[in-house]
Each structure stands twice: as C-alpha cells, then as structure tokens.
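A.B. asks: Line by line, the protein sequences give chains G and C. Per our numbering, the first sequence starts with residue 258, numbered consecutively. Per our numbering, the second sequence starts with residue 226, numbered consecutively.
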Amino acid sequence: MTMDFLFSHLQKVSRLNWGIFFILLLVAAVGWGLLISAAGGDFHHWAFKQVVRFIVGITIMFFLALIDLRWWLHFSYVFYGIALFLLGGVEFLGFIGKGGQRWIDLYIIQLQPSELMKIALVMALARYFHSQSSPIPFYKLLFPLFLIIAPVLLVLRQPDLGTAMILMMGGGSLFFLAGVSLWYFGAALLVGGACSPILWNFLHDYQKKRILTFFDPTQDLLKTGYHITQSKIALGSGGFWGKGYMQGTQAYLNFLPEKQTDFIFTLLCEEWGFVGGFFLLSLYVLLIVMGFRITLTTQNDFGRFVAAGMTMTFFLYAFINVAMVMGLVPVVGVPLPLVSYGGTAMLTILMGFGFLLSVGLHRNIKIPQLSIGVF
Amino acid sequence: MIDKKDTQFLRRALFLGIIQIGLVIILLGRMYYLQIFEGSYYRLLAEGNRIATRPLVPLRGQIYDRNKIPLAQNETSFRAILLTDKKDEVEETLNTLSDLISLPREEKEETIRMARKKKGLDSLIIKDNLTWEEVSAIELHASELPGVSIEVGSRRKYPLKLEGAHLLGYVSSPSEKEQEEDPMLTISGLKVGKGGVEKFYDRQLRGIPGHSAFEVNATRKIVRELHQTPSVPGEDIHLTIDARLQDYAQDVLSNYESASAVVIDIQTGGILALVSVPAFDPNLFPQGISHKDWGQLRDNPYVPMTNKAISGLYPPGSTIKLLVALAALQSGVINEDTPVHCPGYMYIGNHKFHCYRKEGHGTVNVSRAISESCDVFFYEVAKKVGIETLSKVFTDFGIGLGGLEGFPHLKKGLVPTKTWKKEKKKTNWTVSDTILTSIGQGYMLATPLELAVATARLVAGGKRLLPRLEGQESSSFPGMGYNEAYLKLITEAMDETVNKPTGTAFRNRIQVAGKEMGGKTGTSQVRRISMQEREAGLTKTFHLPWKYREHGLFVGFAPVHAPRYVIAVVVEHAGGPALAIQAARDILLQAQLLEKDAAS
Numbered sequence: 258m259t260m261d262f263l264f265s266h267l268q269k270v271s272r273l274n275w276g277i278f279f280i281l282l283l284v285a286a287v288g289w290g291l292l293i294s295a296a297g298g299d300f301h302h303w304a305f306k307q308v309v310r311f312i313v314g315i316t317i318m319f320f321l322a323l324i325d326l327r328w329w330l331h332f333s334y335v336f337y338g339i340a341l342f343l344l345g346g347v348e349f350l351g352f353i354g355k356g357g358q359r360w361i362d363l364y365i366i367q368l369q370p371s372e373l374m375k376i377a378l379v380m381a382l383a384r385y386f387h388s389q390s391s392p393i394p395f396y397k398l399l400f401p402l403f404l405i406i407a408p409v410l411l412v413l414r415q416p417d418l419g420t421a422m423i424l425m426m427g428g429g430s431l432f433f434l435a436g437v438s439l440w441y442f443g444a445a446l447l448v449g450g451a452c453s454p455i456l457w458n459f460l461h462d463y464q465k466k467r468i469l470t471f472f473d474p475t476q477d478l479l480k481t482g483y484h485i486t487q488s489k490i491a492l493g494s495g496g497f498w499g500k501g502y503m504q505g506t507q508a509y510l511n512f513l514p515e516k517q518t519d520f521i522f523t524l525l526c527e528e529w530g531f532v533g534g535f536f537l538l539s540l541y542v543l544l545i546v547m548g549f550r551i552t553l554t555t556q557n558d559f560g561r562f563v564a565a566g567m568t569m570t571f572f573l574y575a576f577i578n579v580a581m582v583m584g585l586v587p588v589v590g591v592p593l594p595l596v597s598y599g600g601t602a603m604l605t606i607l608m609g610f611g612f613l614l615s616v617g618l619h620r621n622i623k624i625p626q627l628s629i630g631v632f
Numbered sequence: 226m227i228d229k230k231d232t233q234f235l236r237r238a239l240f241l242g243i244i245q246i247g248l249v250i251i252l253l254g255r256m257y258y259l260q261i262f263e264g265s266y267y268r269l270l271a272e273g274n275r276i277a278t279r280p281l282v283p284l285r286g287q288i289y290d291r292n293k294i295p296l297a298q299n300e301t302s303f304r305a306i307l308l309t310d311k312k313d314e315v316e317e318t319l320n321t322l323s324d325l326i327s328l329p330r331e332e333k334e335e336t337i338r339m340a341r342k343k344k345g346l347d348s349l350i351i352k353d354n355l356t357w358e359e360v361s362a363i364e365l366h367a368s369e370l371p372g373v374s375i376e377v378g379s380r381r382k383y384p385l386k387l388e389g390a391h392l393l394g395y396v397s398s399p400s401e402k403e404q405e406e407d408p409m410l411t412i413s414g415l416k417v418g419k420g421g422v423e424k425f426y427d428r429q430l431r432g433i434p435g436h437s438a439f440e441v442n443a444t445r446k447i448v449r450e451l452h453q454t455p456s457v458p459g460e461d462i463h464l465t466i467d468a469r470l471q472d473y474a475q476d477v478l479s480n481y482e483s484a485s486a487v488v489i490d491i492q493t494g495g496i497l498a499l500v501s502v503p504a505f506d507p508n509l510f511p512q513g514i515s516h517k518d519w520g521q522l523r524d525n526p527y528v529p530m531t532n533k534a535i536s537g538l539y540p541p542g543s544t545i546k547l548l549v550a551l552a553a554l555q556s557g558v559i560n561e562d563t564p565v566h567c568p569g570y571m572y573i574g575n576h577k578f579h580c581y582r583k584e585g586h587g588t589v590n591v592s593r594a595i596s597e598s599c600d601v602f603f604y605e606v607a608k609k610v611g612i613e614t615l616s617k618v619f620t621d622f623g624i625g626l627g628g629l630e631g632f633p634h635l636k637k638g639l640v641p642t643k644t645w646k647k648e649k650k651k652t653n654w655t656v657s658d659t660i661l662t663s664i665g666q667g668y669m670l671a672t673p674l675e676l677a678v679a680t681a682r683l684v685a686g687g688k689r690l691l692p693r694l695e696g697q698e699s700s701s702f703p704g705m706g707y708n709e710a711y712l713k714l715i716t717e718a719m720d721e722t723v724n725k726p727t728g729t730a731f732r733n734r735i736q737v738a739g740k741e742m743g744g745k746t747g748t749s750q751v752r753r754i755s756m757q758e759r760e761a762g763l764t765k766t767f768h769l770p771w772k773y774r775e776h777g778l779f780v781g782f783a784p785v786h787a788p789r790y791v792i793a794v795v796v797e798h799a800g801g802p803a804l805a806i807q808a809a810r811d812i813l814l815q816a817q818l819l820e821k822d823a824a825s
C-alpha cells in the first residue's frame, strides 16, 4: 500500500512539467540578482530572504501539485471562505503600513489575505462554472458575481486598487471562458461606466491623485508624479544594452522609489537595458504559453478553468506591474511576479503554479458535474 | 453539448490569448519607445539627476606695493552654501536657518531670488563670513537643513584700510547688469572689483573659475566627487605705489576736510601715492556693506566715495602759469628778460582785471612773475600768445587727457579753445577769456593727477611722461620739442617760488639741506569776488562760508637740484594755497626720507 502510494507519487513527480519549474527558477534568479544590485551589492540585505522564500514557496508548489485535483475541487469553497474571512479580518486585525491595511501579522510571516484571495477566487469560480452547463441563465450568475464583488469591495476599502483590478479582470475572464453571453459583458461595461463618477467619490484622495497623475505626471513632479517620472527616466536611460549590472545610477542614488518592490522592473531595464527587459518579458510569455497549453489540453472543466484563471492572474500581475512602471497605467501597487521583494506575492504565485501543475498532472481524468447545485 | 461547450471554450481561450499577446506587444513597444527612441533624452535626465556641478571660485590675485607690502589680500572665511533643485523648499530651509544664525531679510530674499533664477541643481551662497558659533550651529542642525553645507572660501582684506580706499577700490558681488554682460560672473561667490585698482585690473586679478562635478543622491547629499577642473588663481598685481608714502600722505591730508594729492616718480612715471580725503574703509564692502554704513558714506558732504585725485575737477589757478610762461617763451613772445609793468590791475576795454597783489608787483620778468605769481604779467603775455597756442601747450602737458586711461571714475579736465566755446557756449571767444585762462580760471579745469603729470613733464625736461600704476623699471619718455633752456628757466623760477624770500611759498619751504623742493602755488576761485566785497576790502575768502572759499593748490617737485618726485595737492576750500603747500612739503620730504631708507 505504502509502496504503491510512494510509487504513484514518484511517477507523478516524473510527469510534472519541469519546464515550468525551470523557468520559474530562472525568473526568480533574475529577481535575486536585481535585489543584490538594489542593495548595492549586499546579498543579505534582500536577496537572501527572497531565496529562502522561493525555496519555501517552491516546496509548497510541489506539495500542492501532487495533491489530487478532485480534492481541490471539494476544498475550493472552503479555501475561498478562509481567504474572505482573513480579508475581512484585516479590517480589525491588520495594522497600518504603506498607506493601506493589507497585512496580517502571523508572527512568522506577514500575510496579505488579498494575495491569497486572487487564488481562492479562481478556485471558487472554477468550481462553480465546472457545475454549470452553457448557456448559463442570468440568475445563475448572481452567485459568482457575489464571489467577485465581495472581496473587491473589501480590498477597495483597504484600499488596494491593484488587487481589485486583478480580481475583477481575472474573475471576468473566467466568466468569459465559461461562455457567459457577450451581451452581459457589454451591459456590465455600460453599468460600470455609468457608475464610475459615483465610484470616484469612494476613492481615497491619494488614489484619485494617482489616477490624475497618470494622465499628467508632469503636473506634480515632486510628489505623486515623482515615482513615475523617475521610473521613466531610469527605464529610458537604460537604452538598448543598459548601464551595466550595479551601474544603475537612478536606483543606486535612491532616485528610484521602491526599487526593490514594485519598481524593480525599472531597475532591470536601467541596468540591463531593452535586452534585459525583453529577456524577462520573454520568460513571462513562456510561462503563460505553458499555462495555456495545460488549459487547452485539460479534459475536465474544473481543471481548465483553474489553469486558465491562474495563467490569467499571473499575466495580470506581470502586465499591470510593467505597464505601471512604464507609465501606461496608474500606479496601483502590483508587484512584479517572482521578482519583486516580498513574501506573500511570491507564495501566492507559486501556489497558483502549484495548482496549475496539479491540473497538468490530472489533465486526463474525468470529473463529473457535481449534482449538488452550489455546495 | 459537451462538444459545443468545448469549441466555445477553445474559441474564447484563444481570443484571450490574442489579447494577451497584443498587450505584451504594447509593453514591448512602450519599452522600445522609452529606451531606444527616447533613450538619449532620458539618459540626459538621469545624468541631470545624478550630477551636480559646483563652480570653484578662483582665488583673486593679490595686490602689492612697490616694496611687496600687501595692499589687498585673501583671508580664509567660512560660508554657508545651499545645494538644491527644489526651489519651493528654499524658503523653508532659510527660515529654519535664520533661527540658528542671524540672516537679514534682504539677504534671505536675495538667496530666494537667485535660487529661482538658477536652473537645475546648483549651489548658492546663503551667508558669507560665518563666525565659529554660526559654523558649529549649522553643523549641529545639519539634518534639519537639507542641502545646506559649510564651505571654506576666501574674503578680501585690505590691510591699509582708509589709506588704500580710493586707490584700491573694493570688491563686491557683481551687479545684475554686469552678470548679463559676462555670464561667468553669475557664479555664486565670485566678487568683482568695484572702483580703483580692483576694477582697473579686474581681468588679471579675477582668475578663471573651475568646477567640480559630483554625484548626488535623491536627498541631495553628495556621494562622491566625479571630476574637478581646478580654478586658476588670478594674477598678482605689483603697483608702483609706496604703501608707506600713501599712508603718510593720507595722514597729512586727514587734517583737512577735503583734499587730494598725487605723487609721481619722474624716473618711471610710476604713481607713488594717490590720496583722497575723506576716505572710507574698503573692508566694509567685500562682505556686503550695511545700509547704515552706506547711508553715512553717501550723505557725507565731503563725498568720501569720490576719488578726488583723479575725478576732482578744479580750475588750476596760478599753477597753470608755468605752462603759460613756457608757451610764451617757446613761441618767442617773450624772452627771459622781457619786462612787464604790473600796477595791480589791467584794463581790457572797460573791464578791470586785478592782480592777486592789490598794490602791484612793479616791473617783473618771467621768473619773478612765476615766483611772486604776478597775474598782470600773464594777462599781458597771454593776450599776445593767444588761446590756440596756449591750449596746444596745455594739451601737450596732459591737461584734459585724464592721465590713466581706463581707470575707474577717471575724469578729464577741460582745455578751452575758440571752437570749443563756439560749440558749447554759442558765443565767440574774447580776450577776457584768454586772460582768465592764463591764470587758470574761467572755463579751464584739471584734475590733480593731470596737474601732477603736467608738472612731471615740465620737470622731466619736456618729455611726454606717462603716469602708471604697475611696473618698476625706469622708462625713457620721448621729448615734445620744447627748448630745454626755457624748461630750466621755469624750474628755477619754481625753486625761487619756494626758496626765495619773495616767493609765494617761502614760508612753507623744506628746510633740510639737499632735500629742498620747488613748486608753484595756486588759488582757484569757486565764485567771483563781487565789486561790493572788493570795495569793502575783501580780496581773500577766509571768512566766507566753507563751500565758497577758494581751493588751495600746489604743484611741486623735489629735490630741487635733482628732481625725482613730483606732487600735486589740492585742498578744497582752503581759502588759499598755504595748506596745500604745507601738505606737499611734508609729503615730498617723506618721499625722500623713505628713498634713503630703501637705499640703506
């Protein structure tokens, strides 16, 4: 029995998508190199912790990957429930930091429930749509809409525009894949557009400022516009080949804000130029392509929804962050996946890849639609 | 069912994939645009972020006298400088600073104004000449004063103080107009010469600024210096001035309200002393003069800011008779014995011209006319010589030419001619004009420097001597074609003026054997003595209010038998020449004593 169990798991390990692991390792390594540079050549300042986090994260990833997908199907609402509870918890337990109550201090690791929620939402929606047949009537969309709106409202309260965007766009793309009529999307856009002046009033002043600054960064060069202007200077001054490793003047002289977290892509582009930026984006594209391959080759609905959702979430992370530092979207506080300094984003993303790998391992199993409606 | 759902999923997944590819292409395009299309622009911005340059103010050249005594030096000073490109923070920083050190409001506003004018990151001097207490206060509160640092600099010091004021001028921050003309002067902390030698030799003294480029971080702290182009110090200037004589002359003249003197060495043309009284302390200026001090200087009735030795214009009075005599001799109108009878007056038409001696001189020749200053002799002679010849001789001897071309505030005297009068006064020249000119009154004006130069040219044997302030070597000056016998006759008459009991300066002669002086006295009227006053017995002006009294003049040389030093002294409103003669006597004697010191 135990031998069988061990054997089946060893067999699973051999069937794992090692290509994904290899690229994840490469991306993380790029991040370590940048963190060493950001710390002025000091490995222990940031990079060491990030290596430890990666090792912990990758272990968790493999652990999640080996667990049977059907188990995850049953566990997904619980997972979502826990994430939603924690997200509500930061309202009461969280502490103020970085302009938002985004953290729960678990003593060992500072946890961002909003990060967990990005995965939990994908799981919950995948489970829900797994049980639905196309076309889905409108009343059956109310529950998954609630699944999205509840955490979105909570993260907006924190306030965390970036997570809200990822949750809405990630969730929305699952709606789209589930075959929800395009008319609904059109209607949602109309309603959203009509409501935006009202929503504007709910935004914090600094968020309004960020959005206004996005449209005209020169208006407020020394305060809100400072980040994006300096970021563009750093990025642009990198040129084609870059200034060379550890030679980034903008970062080294502290002109670059948050150079180890949200703006680390700028550091890469300053020191490694267009070549460096292109290299990292290519790695991201490779991961997304691999995610897509799993999505398209998976036989069961739950699996492909999970794969598509995780891939989409990962894409959104990368896209929003890179677009943000290049001044294409407002500064919303989304880290560069696997590269930015920070524990929970790393953990979330590797967990996401854990689920993706699990889907990949179990792509051929058939999972029947659950007879019980919602739960 | 399942198949239909599958195709829809596939289609939509593909659609999402295409959107993602599109978005990635947008990112790459943006990256290409920023890094390659606009890369050089952003590189420039990054450099601007990173590199701040600070001009290095060159050390100003020092000024020495002929014996290498320093007249203008540089002294170490500490100053607070501000390095920032955040203009809106300047005022706040200065407010914090003014709690720590005394910072007058005008200075604060000036710094803010300068900060607004400068582009990018540049350094500004907030306050110069900090005391030790202020330096330590700033260092202690460095964290509250972003961009403020202490710099070691130099400040100008004038050891001679009052004695050097007019001669040396002073240095001060350049005016806005000067900065527009020469952008180099916009460098914070660079001082330029204002007046005197400091301005005359400003180009040489100033030096060439260097600059230091250094890397700064986002909080404007200097990380390291990248490169430095050192400044080139200004050249030192060695003047012909003898500081001890300058000092002494200033002391002598300080006994009077308002006076000036010039001493020239006829061997070189070098100016040994150039003094104007009252003076001011040039040390007040390099650090910025206070409003109170400036007000006092400006409102003083004796105009301490004016260097009267070069810009005071006076009717030369009887001192001009030397040149009138030379003109008459040279043109053959008289010879050394030609007699003229002086009854104490002369009529031209029905206008009566008085001699300075009311009872007349009797019959005089040219020597006596000079030594006893007979006006009637010169009236008669001038009438025959004519104004054209007179003005040519005056001009030959440097009257109306200034003397030190380009020296700040230098004025030129006036030698009237027929055409000049026609142009300026719109009337014809009359004999009366010639007669007034022959005794240095009327339209004629000269500066003390011009009088000294004219005398030097006479005493030096009719050579075209040029006055100068720099250089020690003796010069041979070209002759001007005047008969040396006549020149000798005139210098002998000057000897008699001082050393013959009948001479006008006899009472104030130098009584040290071998060091005697020769000279000519002069009195120049500030206003005409009216007929009524003359009838009331008033021919002298001692008891008139100060500003109506006559100026006292004296030009002289020493030693009388081997002339070397020439002097011109003007004592304003002295009521007569006595004070000027006394001053000249003391200064000429001192010049000879100092020479002996130097020799031994």
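Think of the CB as a built atom: it goes at the ideal place given N, C-alpha and C, for glycine as much as any other residue.
With a cut-off of 8 Å, do at least 3 Cβ pairs link the segment 461-477 of chain C to the segment 287-299 of chain C?
C.D. replies: A contact exists between the segment 461-477 of chain C and the segment 287-299 of chain C.
A.B. asks: Roughly how many whole angstroms lie between the Cα atoms of residue 646 (chain C) and residue 670 (chain C)?
C.D. replies: So the two alpha carbons sit approximately 14 Å from each other.
A.B. asks: Check whether the segment 540-549 of chain C touches the segment 565-572 of chain C, taking contact to mean three or more Cβ pairs, one atom from each stretch, closer than 8 Å.
C.D. replies: In short, these stretches do not touch, since the Cβ pair count stays below three.
A.B. asks: Of the residues C:437, C:466, C:470, which one's Cα is nearest the Cα of residue 454 (chain C)?
C.D. replies: Cα-wise, what sits closest to residue 454 (chain C) is C:437.
A.B. asks: Which residues in chain C have a C-beta closer than 8 Å to the C-beta of residue 213 (chain G)? List them in chain order.
C.D. replies: Because chain G is modelled from 258 through 632, residue 213 (chain G) falls outside the range shown and cannot be assessed.
A.B. asks: Does any CB atom of chain G fall closer than 7 Å to the CB of residue 498 (chain C)?
C.D. replies: With 7 Å as the cut-off, residue 498 (chain C) does not count as an interface residue toward chain G.
A.B. asks: May I ask you to list the residues that DSSP assigns as paired with residue 670 (chain C)?
C.D. replies: Bridge partners of residue 670 (chain C): C:639.
A.B. asks: Between residue 242 (chain C) and chain G, is any beta-carbon pair separated by less than 7 Å?
C.D. replies: Interface residue, yes.
A.B. asks: Considering residue 325 (chain G), what are the terminal residues of the alpha helix (DSSP H) in which it resides?
C.D. replies: Run containing residue 325 (chain G): none; DSSP gives neither H nor E here.
A.B. asks: Helix or strand or just coil, what does DSSP make of residue 242 (chain C)?
C.D. replies: Helix at residue 242 (chain C).
A.B. asks: Looking at residue 552 (chain C) and residue 595 (chain C), is the spacing between their C-beta atoms short of 7 Å?
C.D. replies: No; because the gap between Cβ atoms is not below 7 Å, this pair is not in contact.
A.B. asks: Residue 570 (chain C) lies in the beta strand (DSSP E); which residues open and close that run?
C.D. replies: Looking at the DSSP string, the run of the beta strand (DSSP E) that includes residue 570 (chain C) is 570-573.
A.B. asks: In three-state DSSP terms, what is residue 312 (chain G)?
C.D. replies: It is helical.
A.B. asks: For residue 498 (chain G), count neighbouring Cβ atoms within 10 angstroms of its own Cβ and tell me buried if that reaches 16, exposed if not.
C.D. replies: Exposed is the call here.
A.B. asks: Give the residues of chain G in contact with residue 235 (chain C), contact being defined as C-beta atoms less than 8 Å apart.
C.D. replies: Simply 553.
A.B. asks: Put residue 750 (chain C) into one of helix, strand or coil per three-state DSSP.
C.D. replies: Residue 750 (chain C) falls in the coil class under three-state DSSP.
A.B. asks: Measure from the alpha carbon of residue 592 (chain C) to the alpha carbon of each residue in C:675, C:728, C:608, then state which is nearest.
C.D. replies: Out of C:675, C:728, C:608, C:728 has the C-alpha closest to the C-alpha of residue 592 (chain C).
A.B. asks: Enumerate, from N- to C-terminal direction, the unbroken alpha helix (DSSP H) stretches of 4 or more residues contained entirely within the segment 544-629 of chain G.
C.D. replies: The qualifying runs are 558-582, 600-618.
A.B. asks: Please tell me whether residue 395 (chain G) has its Cβ less than 7 Å away from any Cβ of chain C.
C.D. replies: No, because no Cβ of chain C sits closer than 7 Å to the Cβ of residue 395 (chain G).
A.B. asks: By DSSP, does residue 395 (chain C) sit in helix, in strand, or in coil?
C.D. replies: Strand at residue 395 (chain C).
A.B. asks: Find the nearest neighbour of residue 262 (chain C) within the set G:288, G:575, G:492, G:285, judged by alpha-carbon distance.
C.D. replies: Here the closest residue by C-alpha is G:492.
A.B. asks: Hey, residue 618 (chain C) and residue 548 (chain C): beta-carbon distance below 7 Å or not?
C.D. replies: Against a cut-off of 7 Å, the Cβ pair of residue 548 (chain C) and residue 618 (chain C) comes out as a contact.
A.B. asks: Check whether the Cβ of residue 494 (chain G) lies closer than 7 Å to any Cβ atom in chain C.
C.D. replies: So, interface residue.
A.B. asks: Any Cβ of chain C within less than 7 Å of the Cβ of residue 507 (chain G)?
C.D. replies: Closer than 7 Å to some Cβ of chain C, the Cβ of residue 507 (chain G) qualifies, so yes.
A.B. asks: Applying a beta-carbon distance threshold of less than 9 Å, which residues of chain G neighbour residue 382 (chain C)?
C.D. replies: Residues of chain G passing the Cβ test: none, with the nearest at roughly 40 Å.
A.B. asks: Is residue 595 (chain G) near the ligand HEM, judged by its Cβ being under 6 Å from some heavy atom?
C.D. replies: This structure lacks the ligand HEM, and indeed carries no ligand of any kind.
A.B. asks: Using C-beta distances below 7 Å, list every residue in its chain close to residue 369 (chain C), excluding the 5 sequence neighbours before and after it, in chain order.
C.D. replies: If we look at residue 369 (chain C) and ignore the five residues flanking it on each side, its Cβ neighbours are 321.
A.B. asks: Residue 248 (chain C) versus chain G: which residues are under 9 Å apart at the beta carbon?
C.D. replies: Here the neighbours are 572, 576, 580.
A.B. asks: For residue 576 (chain G) and residue 252 (chain C), which I take to be in contact (beta-carbon distance under 8 Å), what is that distance rounded to the nearest angstrom?
C.D. replies: Confirmed, Cβ separation roughly 7 Å.
A.B. asks: Look at the Cβ atom of residue 394 (chain C), then the Cβ atom of residue 419 (chain C), and state whether they are nearer than 7 Å.
C.D. replies: It is a contact, given that the beta carbons lie within the stated cut-off.
A.B. asks: Taking only three categories from DSSP, how would you classify residue 278 (chain C)?
C.D. replies: It is a strand residue.
A.B. asks: For chain C, is any of its Cβ atoms less than 7 Å away from the one on residue 436 (chain G)?
C.D. replies: It does; some Cβ of chain C falls within 7 Å.
A.B. asks: Is there a Cβ from chain G that is less than 7 Å from the Cβ of residue 451 (chain C)?
C.D. replies: So, not an interface residue.
A.B. asks: Can you give the Cα-Cα distance for residue 798 (chain C) and residue 532 (chain C), rounded to whole angstroms?
C.D. replies: Roughly 17 Å between the two C-alpha positions.
A.B. asks: For residue 297 (chain C), which residues in chain G fall below 8 Å Cβ to Cβ?
C.D. replies: Result: empty, since nearest Cβ-Cβ is about 42 Å, beyond 8 Å.
A.B. asks: Under 7 Å, Cβ to Cβ, is there at least one residue of chain G near residue 289 (chain C)?
C.D. replies: Not an interface residue.
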